[in-house]
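Here is the structure we will look at.
Residue numbers (our numbering), protein chains in the order written: chain C, 195 to 464; chain Z, 195 to 464.
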């Protein structure tokens with residue numbers, strides 16, 4: 195096994211570049227993963243591992259799983275603890291890192307994908323932690339996909355991947371350069387699209403059928419634009435108690451994901 | 195207005211002590227707040243402000259609200275930006291700090307409190323951010339209260355207060371030294387208690403009536419103990435897709451809060 199002892203090594207430089215730069219990820223079609231769990235999950239999900247970087251401790255931690263990972267990887271390289279500390283994004287690195295190939299985005303579908311179990315459309319969200327948490331909830335509740343405007347955080351970024359607990363590697367994620375246009379095409383295909391937004395004619399979520407629907411969720415501060423909402427079938431809200439703080443975006447989107455899953459199971463009471 | 199220019203001033207030392215030490219908060223019955231929004235929310239919620247600490251910039255930011263806060267406060271003291279930076283818990287402090295009086299815990303009620311709109315019982319949660327987020331969701335969904343085991347993070351800690359967006363100042367919070375015993379007393383009073391836990395006889399949440407119920411949520415890693423679950427009416431789960439990551443504790447508890455609110459509105463389909 196090749197060993198790397200300098201952080202100026204081209205592999206290490208590539209790892210760091212992919213870790214920090216969305217542009218590098220987009221151009222190369224590669225992304226990085228850190229941690230035993232994420233790397234093993236990725237392997238199991240069929241993600242192609244180009245380069246596996248491990249410390250002695252990481253190898254020991256992986257135990258029997260090391261052979262399978264190493265067989266699957268294009269190359270496996272041993273790094274020392276110092277380098278691991280330098281490239282790690284976590285406080286107590288496990289010594290397992292991977293450069294993976296393949297974009298997580300599926301690009302915009304030419305025809306609307308099968309969204310029978312419902313989907314979320316994230317518009318201009320800002321926080322990578324929120325996006326990761328939402329993808330995790332969407333997977334847990336069995337949604338068909340998450341659609342995202344192009345200005346959302348990159349799902350292949352380390353923060354989104356970590357917050358999603360690997361769900362971003364498994365759930366279909368579609369990129370929508372123009373979400374309003376996407377809404378038009380979904381509706382033409384007979385898929386109802388609801389805007390999670392307060393407005394004069396907003397319906398409490400309990401009053402609409404979310405079966406096979408798409409729910410659009412807006413930016414943490416600004417929400418969805420009037421113009422965008424006008425393109426959707428209807429505005430829906432989660433009724434909250436008067437005088438209370440609004441829900442945070444991840445929480446609201448997770449509850450819409452839950453409601454979509456209830457609708458898919460036929461548990462709506464309307 | 196008195197000015198403080200040294201971080202060795204007793205008021206500043208008290209602030210720092212209350213900020214970092216649960217023991218100090220418990221013994222003194224005081225807690226601290228940082229930020230314009232939290233301090234103003236607290237004042238509006240009737241929290242007694244013993245000491246208001248502001249920088250020149252904080253005063254300017256507060257604008258017209260400064261007079262009302264200052265009138266309400268036992269004393270108002272001007273601090274310089276350097277001290278503000280030293281006592282702040284946020285990266286870009288707004289220059290508004292308060293020492294408040296009164297415990298947020300209500301202690302264990304001698305008879306079960308009115309929980310008609312449902313409640314959560316948090317058992318041994320670890321993460322202050324999760325606890326704050328859960329309290330925020332519980333308030334938003336109009337629950338009657340949140341009950342907490344004594345080993346949960348202190349709701350008067352800066353992290354819980356911040357994550358709750360001030361909801362911890364408004365929602366009744368009850369402290370339960372022995373949660374299993376609390377469950378017994380609630381059930382004696384005719385209040386159904388469900389354990390959010392996977393088990394052989396767990397019911398999907400859609401199959402039980404949560405009207406006026408209490409849902410117990412366990413520790414992030416270990417969940418609820420077998421022994422505790424046996425004391426409850428039944429185990430309930432949120433059905434999740436096979437092969438997906440489990441939900442995080444804050445997300446699961448928030449969805450139970452949502453389901454309790456649906457039940458309180460009579461929106462259950464059973």
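Backbone N, C-alpha and C fix where the C-beta goes; we use that ideal spot for every residue, glycine too.
Chain Z residues whose Cβ lies nearer than 7 Å to that of residue i
{"i": "residue 441/C", "result": "331, 334"}
{"i": "residue 223/C", "result": "Simply none; closest approach about 25 Å."}
{"i": "residue 215/C", "result": "Residues of chain Z passing the Cβ test: none, with the nearest at roughly 23 Å."}
Cβ-based neighbour list, residue i, same chain, cut-off 7 Å, excluding 5 preceding and 5 following
{"i": "residue 264/Z", "result": "246, 270"}
{"i": "residue 451/C", "result": "314, 331, 332, 335, 337"}
{"i": "residue 280/Z", "result": "201"}
{"i": "residue 249/Z", "result": "273, 274, 275, 278, 289"}
{"i": "residue 224/C", "result": "212, 244, 293, 294, 295"}
{"i": "residue 417/C", "result": "391"}
{"i": "residue 446/C", "result": "390, 411, 432"}
{"i": "residue 235/Z", "result": "360, 363"}
{"i": "residue 205/Z", "result": "198, 245, 271"}
{"i": "residue 352/Z", "result": "213, 226, 228, 283"}
{"i": "residue 402/C", "result": "388, 428, 430"}
{"i": "residue 259/C", "result": "234"}
Chain-order list of residues whose beta-carbon lies under 6 Å from that of residue i (same chain, five-residue window excluded)
{"i": "residue 324/Z", "result": "443, 444"}
{"i": "residue 464/Z", "result": "Reliability of the predicted coordinates at residue 464/Z is poor, the pLDDT of 48 falling under 50, and the value obtained from them is presented with this limitation in mind. Nothing listed; no residue qualifies."}
{"i": "residue 347/Z", "result": "322, 325, 354"}
{"i": "residue 453/Z", "result": "399, 404"}
{"i": "residue 357/C", "result": "323, 326, 327"}
{"i": "residue 207/C", "result": "none"}
{"i": "residue 251/C", "result": "289"}
{"i": "residue 186/C", "result": "With chain C running from 195 to 464 in the structure shown, residue 186/C is simply not present."}
{"i": "residue 196/C", "result": "271"}
{"i": "residue 386/C", "result": "407, 427"}
Among the options, the one whose alpha carbon lies nearest that of residue i
{"i": "residue 430/C", "options": "206/C, 214/C, 399/C", "result": "399/C"}
{"i": "residue 425/C", "options": "458/C, 448/C, 379/C", "result": "379/C"}
{"i": "residue 277/Z", "options": "351/Z, 339/Z, 200/Z", "result": "200/Z"}
{"i": "residue 433/Z", "options": "449/Z, 225/Z, 423/Z", "result": "449/Z"}
{"i": "residue 456/C", "options": "404/C, 419/C, 408/C", "result": "404/C"}
{"i": "residue 363/Z", "options": "353/Z, 374/Z, 349/Z", "result": "349/Z"}
{"i": "residue 388/Z", "options": "283/Z, 422/Z, 414/Z, 215/Z", "result": "422/Z"}
{"i": "residue 317/C", "options": "409/C, 234/C, 440/C", "result": "409/C"}
{"i": "residue 367/Z", "options": "401/Z, 299/Z, 319/Z", "result": "299/Z"}
{"i": "residue 383/Z", "options": "307/Z, 215/Z, 227/Z, 253/Z", "result": "307/Z"}
{"i": "residue 374/Z", "options": "419/Z, 258/Z, 312/Z", "result": "419/Z"}
{"i": "residue 438/Z", "options": "240/C, 320/C, 329/C", "result": "329/C"}
{"i": "residue 230/Z", "options": "222/Z, 254/Z, 320/Z", "result": "254/Z"}
{"i": "residue 239/C", "options": "393/C, 365/C, 258/C", "result": "365/C"}
{"i": "residue 320/Z", "options": "209/Z, 440/Z, 415/Z", "result": "415/Z"}
Residue i beta carbon near the ligand ADP (any heavy atom closer than 8 Å)
{"i": "residue 261/Z", "result": "As for the ligand ADP, it is missing from this structure, which has no ligand bound."}
Close Cβ partners of residue i (< 8 Å) along its chain, the five nearest in sequence each way excluded
{"i": "residue 395/Z", "result": "428, 429"}
{"i": "residue 211/C", "result": "218"}
{"i": "residue 310/Z", "result": "338, 406, 458"}
{"i": "residue 237/Z", "result": "243, 262, 263, 266"}
{"i": "residue 376/Z", "result": "302, 315, 341, 370"}
{"i": "residue 344/Z", "result": "369, 370, 371"}
{"i": "residue 233/C", "result": "227, 243, 246, 263, 290, 291, 292"}
Any C-beta of chain A under 9 Å from that of residue i
{"i": "residue 339/C", "result": "Absent here is chain A; the protein component of the structure consists of chains C and Z."}
8 Å Cβ cut-off: residues of chain C touching residue i
{"i": "residue 230/Z", "result": "Simply none; closest approach about 15 Å."}
{"i": "residue 424/Z", "result": "Residues of chain C passing the Cβ test: none, with the nearest at roughly 27 Å."}
Within chain Z, the residues that residue i reaches when beta carbons sit closer than 8 Å
{"i": "residue 327/C", "result": "442, 445"}
{"i": "residue 452/C", "result": "432, 449, 452"}
{"i": "residue 456/C", "result": "400"}
{"i": "residue 254/C", "result": "Under the 8 Å cutoff, chain Z gives no residues; its nearest Cβ is about 23 Å from residue 254/C."}
{"i": "residue 343/C", "result": "Neighbours of residue 343/C on chain Z: none; closest Cβ ~23 Å, over 8 Å."}
Partners in chain C for residue i, counting only beta-carbon separations shorter than 9 Å
{"i": "residue 391/Z", "result": "The premise fails here: residue 391/Z is roughly 16 Å from chain C at the closest Cβ pair, so nothing lies under 9 Å."}
{"i": "residue 266/Z", "result": "The contacting residues do not exist; residue 266/Z stays about 19 Å from chain C at best."}
Chain-ordered neighbours of residue i on chain C, where CB pairs are closer than 7 Å
{"i": "residue 318/Z", "result": "Correct list: empty, because the minimum Cβ distance to chain C is about 22 Å."}
{"i": "residue 374/Z", "result": "Under the 7 Å cutoff, chain C gives no residues; its nearest Cβ is about 29 Å from residue 374/Z."}
{"i": "residue 313/Z", "result": "By Cβ distance, chain C contributes nothing, its closest Cβ being about 14 Å from residue 313/Z, past 7 Å."}
Chain-ordered chain Z contacts of residue i [CB-CB under 9 Å]
{"i": "residue 396/C", "result": "Those do not exist, as residue 396/C stays about 16 Å from chain Z at its closest Cβ, beyond 9 Å."}
Whole alpha helix (DSSP H) elements within the stretch 291 to 367 of chain C, 4-residue minimum: 322 to 334, 352 to 357, 361 to 364
Whole alpha helix (DSSP H) runs in the stretch 197 to 233 of chain Z with 4 or more residues, listed along the chain? 204 to 214, 216 to 222
Check each residue of the stretch 348 to 369 of chain Z: if its Cβ is closer than 7 Å to any Cβ of chain C, include it; give the result in chain order. 359, 360, 361
Identify every run of the beta strand (DSSP E) within the stretch 369 to 452 of chain Z, keeping only runs that are complete inside it and at least 3 residues long; order them along the chain. Counting whole runs of 3 or more residues, the stretch 369 to 452 of chain Z contains the beta strand (DSSP E) stretches 387 to 390, 408 to 411, 428 to 431.
Proximal residues, the stretch 400 to 420 of chain C versus chain Z, C-beta separation under 8 Å: 400
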